[in-house]
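The sequence shown begins at 1 in UniProt numbering and counts up by one. Here the structure is laid out as structure tokens; the discussion comes afterwards.
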Amino acid sequence: MAIKFASRMKGLKGSEIRELLKLTEKPEVISFAGGLPAPELFPIEEMKKISTLVLEEDGASALQYSTTEGFEPLREHIADRMNSKSKTNITKDDILVTNGSQQGLDFAGKVFLDEGDVVLCESPSYLGALNAFKAYLPKFIEVPTDNNGMIMEELEKILSTTERIKMIYVIPDFQNPTGRTWPLERRKKFIELIEKYEIPVIEDNPYGELRFEGDNLPSLKSMDKKGLVIYLGTFSKIFCPGYRLGWTCASPAILQKFVFVKQGSDLQASTISQREVSKFMDIYDLDEHVEKIKSVYRVRRDLMLQTMKETFPEGLEYTYPEGGLFTWVELPSHLDAKEIMAKCLENDVAYVPGASFFPNGGKTNHFRLNYSNMPDDKIVEGIKRLGAVLKEFMVE
Ligand code: PMP
Numbered sequence: 001m002a003i004k005f006a007s008r009m010k011g012l013k014g015s016e017i018r019e020l021l022k023l024t025e026k027p028e029v030i031s032f033a034g035g036l037p038a039p040e041l042f043p044i045e046e047m048k049k050i051s052t053l054v055l056e057e058d059g060a061s062a063l064q065y066s067t068t069e070g071f072e073p074l075r076e077h078i079a080d081r082m083n084s085k086s087k088t089n090i091t092k093d094d095i096l097v098t099n100g101s102q103q104g105l106d107f108a109g110k111v112f113l114d115e116g117d118v119v120l121c122e123s124p125s126y127l128g129a130l131n132a133f134k135a136y137l138p139k140f141i142e143v144p145t146d147n148n149g150m151i152m153e154e155l156e157k158i159l160s161t162t163e164r165i166k167m168i169y170v171i172p173d174f175q176n177p178t179g180r181t182w183p184l185e186r187r188k189k190f191i192e193l194i195e196k197y198e199i200p201v202i203e204d205n206p207y208g209e210l211r212f213e214g215d216n217l218p219s220l221k222s223m224d225k226k227g228l229v230i231y232l233g234t235f236s237k238i239f240c241p242g243y244r245l246g247w248t249c250a251s252p253a254i255l256q257k258f259v260f261v262k263q264g265s266d267l268q269a270s271t272i273s274q275r276e277v278s279k280f281m282d283i284y285d286l287d288e289h290v291e292k293i294k295s296v297y298r299v300r301r302d303l304m305l306q307t308m309k310e311t312f313p314e315g316l317e318y319t320y321p322e323g324g325l326f327t328w329v330e331l332p333s334h335l336d337a338k339e340i341m342a343k344c345l346e347n348d349v350a351y352v353p354g355a356s357f358f359p360n361g362g363k364t365n366h367f368r369l370n371y372s373n374m375p376d377d378k379i380v381e382g383i384k385r386l387g388a389v390l391k392e393f394m395v396e
């Protein structure tokens, strides 16, 4: 019997990264492939206390259904934090709590995309977002980037010559996969352009708070006067991903559509998760916790980049991230990062080949390295192993 699936299933396949992660699960593999936070920083003892407290104080409500928009005190915490990081006047009414920011990406596709519509994104861009959008059968146009993110002249060319652009998806802070950040001038120009063309923007910002050095930059959301920017935030990288809590912040007419699709998707985010994370923020200082995370990741970034400098062969380019979780390596154009990865696995070290971050394909000479998840000694050892493999390929 031939089962007939919806046409939207044609282009969908499992994330290559998730498949790859299965191969890197062996304990002897030093993996720079995932984008996982450091588990030793999770506030386990604090959350043990908090979960008891939440159940003791109002267990019945914590275990009950609740509103689609989310737990009010948590939405207030989120709005306050957003206002303290960028100059915004966000209130809880501008916030919808989602199941991770990943759900916000899926909802963006559902809210904005008809088959054949055009999505603009950075080239390369976050695979999980591209896969989420793919279910809605869009075309992707990759906007060229340089070391400072999306190139505005290229964006303008595309905006002025392309029909059916329905949304622009961007990660301006410590991008996944490249670790790059857009400087202020580009943000200003970007806002000018989207206001001219009136295209909705998905600003995905899981890493912005993890800045190790340099000045904080304003979010696109804080610069948006026309209500075109839909901001996606998450607790995954500043707290922990296991609660699966993120949020969407958007102007009322847009947010309402997101609320409608959330009702159809899962009614609401977990009541007890929301109450526990909110209680953590009542009792503890989340900013202090973020500082702890940053101090560990900064050391790991330094170790990784220093060891790369010492052991990688000449002729490779890589980004110097001022925050976030990733650096991005460009190989000479004749080399294929996937082929090299096979050799790396024989040597018990892993990265993510970059090809799948380009929605229209064709670029095989990049890979992404994560530095947040491995302890210091393994970073040094793993990069040495990787450097040795790369040397073999570079001399061939
Ligand atoms: N956006 C980007 C750019 C990401 O890197 C990730 C996670 N790796 C997500 C969204 C989704 O994160 P979460 O659902 O845990 O909030």
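We put the beta carbon where it would ideally sit given N, CA and C, even for glycine. The structure presented is a predicted model; accordingly, all values stated were derived computationally and were not measured.
Between the segment 348-356 and the segment 201-208, the count of Cβ pairs shorter than 8 Å is below three; the stretches do not touch. Judged by DSSP in its simplified three-state form, T248 adopts strand.
Excluding sequence positions up to five before and after L369, its CB lies within less than 6 Å of the CB of F32, T327, Y351, all in the same chain and listed in chain order.
In the three-state DSSP reduction, D376 falls in the helix class (H, G or I). In the three-state reduction of the DSSP assignment, E122 falls in the strand class. For N99, the beta-bridge partners assigned by DSSP are L245. The Cβ-Cβ distance between R300 and D348 does not fall below 8 Å. Here DSSP, grouped into helix, strand and coil, assigns D287 to helix.
Around the CB of E153, fewer than 16 other CB atoms lie within 10 Å, so the residue is classed as exposed. If you check the CB distance, I230 and P200 come in under 8 Å. In the DSSP assignment, V143 falls within the unbroken beta strand (DSSP E) covering 139-143.
The segment 31-113 is shown to contain whole alpha helix (DSSP H) runs of 4 or more residues at 44-62, 72-85, 100-112, in chain order. In chain order, F42 place their CB closer than 6 Å to the CB of C240, counting only its own chain and leaving out the 5 sequence neighbours on each side. G104 and L137 do not touch by the CB rule: their CB atoms are close to 19 Å apart, not below 8 Å. Distance check between N373 and each of I30, P37, E16, R164 places P37 closest, using alpha-carbon atoms only.
Nearest to Y320 by alpha-carbon distance, out of N365, E339, T67, Y371, is Y371. Distance from the CA of G264 to the CA of E310, rounded to the nearest whole angstrom, comes to 53 Å.
When secondary structure is reduced to three states using DSSP, K237 falls in the coil class, being assigned neither helix nor strand. In the three-state reduction of the DSSP assignment, N370 falls in the strand class. Under the three-state reduction of DSSP, A350 is assigned to strand. In the three-state reduction of the DSSP assignment, Y207 falls in the coil class. Ranked by Cα distance from F260, the first of T67, M9, E19, V54 is T67. Scanning its chain for C-beta atoms nearer than 7 Å, with the 5 sequence neighbours on each side dropped, one finds around E28 the residues D348, in chain order.
The Cβ-Cβ distance between S15 and G100 does not fall below 8 Å. A distance of 8 Å or more separates the beta carbons of K225 and V111. For E19, there is no enclosing beta strand (DSSP E); the enclosing alpha helix (DSSP H) covers residues 16-23.
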